[in-house]
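Down below is the structure, laid out as structure tokens.
Number of protein chains: 2
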Amino acid sequence: MSNFLLLAKQKGMAELVTTVCATGGGAFKFENEFRQQVNMKLAKFDELDTLIKGILFAEVQNPTECYFYENARDIMKSEKRAFDFSKPYPFILVNVGSGVSILAVYGPDNFKRVSGTSLGGGTFLGLCCLLTGCNSFEEAIQLATKGDNRKVDKLVRDIYGGDYDRFGLTGDLVASSFGQMHIKDKRSSVSREDLANATLVTITNNIGSIARMCALNEKMDKVVFVGNFLRVNPISMKLLAYAMEFWSNGTLKALFLEHEGYFGALGCLLQFNGEIAAALNETAETTTTSSPSSSSSSQSKAEPTNTSQAAETVSNAMNSTTTTPTSNNVNNSDS
Amino acid sequence: MSNFLLLAKQKGMAELVTTVCATGGGAFKFENEFRQQVNMKLAKFDELDTLIKGILFAEVQNPTECYFYENARDIMKSEKRAFDFSKPYPFILVNVGSGVSILAVYGPDNFKRVSGTSLGGGTFLGLCCLLTGCNSFEEAIQLATKGDNRKVDKLVRDIYGGDYDRFGLTGDLVASSFGQMHIKDKRSSVSREDLANATLVTITNNIGSIARMCALNEKMDKVVFVGNFLRVNPISMKLLAYAMEFWSNGTLKALFLEHEGYFGALGCLLQFNGEIAAALNETAETTTTSSPSSSSSSQSKAEPTNTSQAAETVSNAMNSTTTTPTSNNVNNSDS
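Here the protein sequences line up with chains S and E, keeping their order. Numbering of the first sequence is given in full-length UniProt numbering, commencing with residue 1 and proceeding in unit increments. Numbering of the second sequence is given in full-length UniProt numbering, commencing with residue 1 and proceeding in unit increments.
Here is the structure:
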């Protein structure tokens, strides 16, 4: 946050624009700092509303936005494939930021928050910093990529000597995350990379397990994972694809989106644009009153008709919202 | 395990008894060591069957076995109260050992494993050993008792500056476990006690959240928590009682049992006793063919009729099964 305010002062943004779009907790927490330090007002939008509007807009604009992993059961061989998400409803939306929110989405304006967990990207990063001394999300992911959780976790075969057949638990499943680390000589034999990998696998599998139960509860078969935790993080995406496939016997599909962590900012921009436009002309008004999926398309058509003022505000809004800390920004060190 | 084998050799157990009851993974993993090192056979019983039989037996024998926390919403004031568990069915059973198994129990011989998580007591102990340098479960719990997770976790108010009203998330809820630990000066300001407390709160709340979803899925309102993770661990029991009460708006009840971690051993002993007795007299035979709740009571009546051989085996069985490593023994350092 302090970085954005510094930039706003240096570049004299307050001379150019008076209002900045913001979503997430920061929109509330930092409102006074914006007013006092750079004399800017915040246009605040709910992070879950903007998240969904951003996703729907991106899906309409980009036919290859949504993808899944083919051969998900073989993590070494699983590969990205485009998924037709043009008929999305209903779906479970798992937003993995520093924490995790899980939504059941029934339609463009119809969703509920069904669950969540505090074990998210912030937990992965926080634990990795403590356990490995790393200093950034990118560094933590790099370490995890080179490590092996099997030296840290206790597997079913470490307990049973093989599979626990009766309940279909194969020997290579993790029975207890970090379950070998109470043994002194095991602790001294693991590397930073192993600890980072175990942390990533632990957090990712837990999210997958909770998401699967939500899908079961809501009787939905599509589970869409978004959020900055998935940025530069194919290990987690492949693990989630595997977990959905394995634990549901293929009845659940894990889906991912190319712009994983930026939908809140995008949706925020769209709503702001819509509201400004609505005050200016009728064309744009329809973009706020009609359903987001249609508004997404009419929105893009409507944009050229916006006044330069609206367009200017919007372009600045995009800059600001992407730097405004939100609860799904896992690697913002000053949020 | 090596400790038990050493003891068995020193005390010449093999001269006195030829068969040892065992449950959990160790019964399979260590079978050969038993045969080779102390010439003892293992009578192996499934850990979930024995767990439930042990619970039902204890409940019949001890009227104050089961309890709940009164005033669960106020952790500082919540207090143990006896709960009448004489009509138990149906209930969710959460067995928190090194990992966690969650069962839906419909009747004495009718249950299914509905879920589980690898984030259990082994994860708490493993992470505490890594983060604080402690060396035992008891030490980890002692540290946790003196710490404050709010210095480690990111709360909703750290993000929103207050509550996130729209979704009923109050400011003091944890939004991201360990969510402050990516900030260098926050890391340097937390104590071992704070880290242990945050680890305990993280693992406990995650188990509570998954258990709640299972109860929702199975439409059950009683959730019974057992396993060695709860031994000398009132913090976790009070947190679980709070979580069940809070997140279900009082529709779910968290229940606990006095002999938290020993039901597998007890049920194992009962089954073995039943099988031996079945081979000896008709009275006992009915105890293995009838339902466990009736067998639990008739079992206890039948015991005096057992031969000294059976009785002797059983008494040793109790010793061995309590020391045999099982997946719900969270503080066995050589499993």
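We treat Cβ as the ideally placed atom computed from N, Cα and C, and that holds for glycine.
In chain E, which residues lie with their C-beta within 8 Å of the C-beta of residue i?
i	result
R113/S	F167
Q180/S	G126
So who's on the other strand from residue i, going by DSSP bridges?
i	result
V105/S	F91/S and F111/S
C129/S	According to DSSP, which records beta bridges pairwise, C129/S is partnered with nothing at all.
C21/S	A43/S
K154/S	S176/S
F256/S	Y67/S and F225/S
E79/S	E70/S
T117/E	V100/E
L169/E	Y164/E
Is residue i close to chain E? Criterion is C-beta to C-beta, closer than 7 Å.
i	result
N71/S	no
N32/S	no
A82/S	no
N110/S	no
S98/S	yes
G107/S	no
V314/S	The predicted position of V314/S is uncertain, since its pLDDT is 28 and thus under 50; a value taken from the coordinates is nonetheless stated next. So no, V314/S is outside the interface.
Would you mind sorting residue i into buried or exposed? The rule is 16 or more other CB atoms within 10 Å of its CB.
i	result
L125/E	buried
M40/E	buried
K77/S	exposed
P88/S	buried
L51/S	buried
V232/E	exposed
A215/S	buried
S236/E	buried
K146/S	exposed
S176/S	buried
E138/E	exposed
N149/S	buried
N3/E	exposed
Q271/S	buried
D334/E	Below a pLDDT of 50, predicted positions are generally treated as unreliable, and D334/E, at 38, falls in that range; no measurement from the model is reported.
E59/E	buried
Counting only Cβ pairs nearer than 7 Å, list the residues of chain E close to residue i.
i	result
F45/S	What F45/S touches in chain E: nothing, since even the nearest Cβ is about 12 Å away.
N205/S	S118
Less than 7 Å separating the beta-carbons of residue i and residue j?
i	j	result
L7/E	A22/E	no
L155/S	D172/S	yes
F229/S	G121/S	yes
E258/E	E65/E	yes
A27/S	K44/S	yes
T123/E	A196/E	no
F225/E	V94/E	yes
R192/S	L143/S	yes
L5/E	Q37/E	yes
A72/E	A211/E	no
residue 368/E	F68/E	With chain E represented from 1 up to 335, any question about residue 368/E goes unanswered, as that position is not in the structure.
Could you tell me whether the Cβ of residue i comes closer than 7 Å to any Cβ of chain S?
i	result
M40/E	no
K11/E	no
C21/E	no
residue 336/E	Residue coverage of chain E in this structure runs from 1 to 335, which leaves residue 336/E outside it and unanswerable.
Y262/E	no
N217/E	yes
G133/E	no
G25/E	yes
S296/E	In this prediction, S296/E has a pLDDT of 33, which is less than 50 and means its spatial position is unreliable; what the coordinates show is noted afterwards. S296/E does not count as touching chain S.
Confirm the yes/no value for this check: CB of residue i, any heavy atom of the ligand NAP, distance under 6 Å.
i	result
P63/S	The ligand NAP is not among the ligands present in this structure, which contains no ligands whatsoever.
Run through chain S and tell me which residues come within less than 8 Å of residue i, C-beta to C-beta.
i	result
I210/E	S209, I210 and M213
D153/E	S118
K29/E	I159, Y160 and G161
T123/E	S176, S177, F178, G179 and T202
Closer than 7 Å by beta-carbon distance: list the chain S residues that pair up with residue i, in chain order.
i	result
R187/E	C129 and L130
G54/E	Going along chain S, no residue has its Cβ under 7 Å from G54/E, so there is no contact; the nearest lies around 18 Å.
G147/E	Result: empty, since nearest Cβ-Cβ is about 14 Å, beyond 7 Å.
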